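The structure appears right after this line, and notes come after that.
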Amino acid sequence: MRLPAASATVAVPWRRVTVPALPGAVPWAWAASGSASEASRRMRATPCRTVIIASRSWLKVSSLSRAGMWSGQGVRCMRPWILLAAINGALALGFAAYGAHGVDAGVAPLVEKASQFQLIHAVVLLSIDRLAAEGRRWAAVAGGLILAGTVLFAGSLYFKAMIGPFPVPLVTPAGGVALILGWVVLAAAAFGRNTHPAI
Numbered sequence: 002m003r004l005p006a007a008s009a010t011v012a013v014p015w016r017r018v019t020v021p022a023l024p025g026a027v028p029w030a031w032a033a034s035g036s037a038s039e040a041s042r043r044m045r046a047t048p049c050r051t052v053i054i055a056s057r058s059w060l061k062v063s064s065l066s067r068a069g070m071w072s073g074q075g076v077r078c079m080r081p082w083i084l085l086a087a088i089n090g091a092l093a094l095g096f097a098a099y100g101a102h103g104v105d106a107g108v109a110p111l112v113e114k115a116s117q118f119q120l121i122h123a124v125v126l127l128s129i130d131r132l133a134a135e136g137r138r139w140a141a142v143a144g145g146l147i148l149a150g151t152v153l154f155a156g157s158l159y160f161k162a163m164i165g166p167f168p169v170p171l172v173t174p175a176g177g178v179a180l181i182l183g184w185v186v187l188a189a190a191a192f193g194r195n196t197h198p199a200i
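Written out as structure tokens, the structure reads:
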């Protein structure tokens with residue numbers, strides 16, 4: 002959805018600003034007054050979208066690509082769920098390779114099971130990023146439960162396979178329960194309100 006041909010008033014959390022029409026501009030934007038560093042601090046908890054920065058003497062509109070580069074300012078917008086998904090995926094593959102070649106045959110199935118669970122839920126975290134970018138209320142809760150469940154469940158199995166019985170026996174089932182709850186909350190997030198229309 003584009004802005005009108007002449008100009009448009011954009012409603013933002015801090016104030017309303019009128020901007021000229023720009024090709025590809027969207028009505029949803031964040032406005033901040035002050036320096037680029039101040040604006041970047043406000044952006045950290047927001048999706049990477051079109052950002053409007055207003056100061057006393059100038060108004061600049063910059064588009065943030067999905068990769069996160071803020072053109073002209075050198076500020077990067079981090080996508081935490083993608084980062085966490087990538088870390089989990091890399092760890093899962095590393096543990097899978099180690100389980101296939103570096104552990105006894107008796108405990109290899111434990112490492113294999115743990116790495117499978119970790120890899121599957123690394124992919125799920127990518128969907129959390131999408132839902133969070135749309136502003137769905139329960140997305141972060143679902144992601145937190147899935148991340149915590151993965152750490153507890155897979156981590157305790159890795160520990161058992163490589164070191165010995167985990168000191169707290171209930172950690173593994175607690176991780177499984179967190180994963181189940183994460184899936185349930187993820188289903189609820191799918192029906193939530195999309196507060197940030199996609200570009």
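Once you know that position 113 of the sequence shown is 114 in the numbering used here, the rest is easy, because the numbers rise by one and skip nothing.
Every residue, glycine too, gets a C-beta built ideally from N, C-alpha and C.
Nothing here was measured: the structure is a model prediction, and the numbers come from that model.
Tell me which same chain residues have a C-beta within less than 6 Å of the C-beta of residue i, skipping the five on either side of it?
i: HIS122; result: ILE147 and THR151
i: GLY175; result: Checking the sequence, you will find Ala at residue 175 rather than Gly. Within the same chain, ALA175 has close Cβ partners LEU153.
i: ALA155; result: ALA115, PHE118 and GLN119
i: ALA109; result: GLY100
i: VAL142; result: VAL186
i: SER157; result: PHE167, VAL172 and THR173
Taking the C-alpha atoms as reference points, what is the distance between residue i and residue j?
i: TYR1; j: TYR159; result: Here the chain covers residues 2 to 200 and nothing more, so residue 1 does not appear.
i: LYS161; j: GLY90; result: 20 Å
i: ALA189; j: ALA86; result: 21 Å
i: VAL104; j: PHE192; result: 44 Å
i: ARG80; j: LEU94; result: 22 Å
i: LEU84; j: VAL124; result: 11 Å
i: PRO166; j: ALA149; result: 20 Å
i: ALA106; j: VAL178; result: 28 Å
i: GLU113; j: VAL172; result: 18 Å
i: TRP184; j: PHE96; result: 24 Å
i: HIS102; j: MET163; result: 13 Å
Just curious, the alpha helix (DSSP H) that residue i is in, first and last residue?
i: ILE121; result: 109–134
i: MET210; result: What the structure shows of the chain is the stretch from 2 to 200, and residue 210 is not part of that stretch, so it cannot be assessed.
i: PHE96; result: 81–102
i: VAL172; result: 172–191
Give me, in chain order, the residues of the same chain whose beta-carbon lies closer than 8 Å to that of residue i; leave out the 5 immediate sequence neighbours on both sides.
i: SER128; result: LEU187
i: TRP82; result: LEU126, LEU127, ILE129, ASP130, ALA133 and GLY144
i: LEU92; result: GLN119
i: LEU182; result: LEU146 and GLY150
i: LEU180; result: PHE118, HIS122, LEU146, ILE147, GLY150, THR151 and PHE154
With a threshold of 7 Å on Cβ separation, who are the neighbours of residue i within its own chain once the five nearest residues in sequence on each side are excluded?
i: LEU111; result: LEU158, LYS161 and ALA162
For the 8 Å Cβ check, are there 3 or more pairs between the stretch 106–123 and the stretch 132–140?
no
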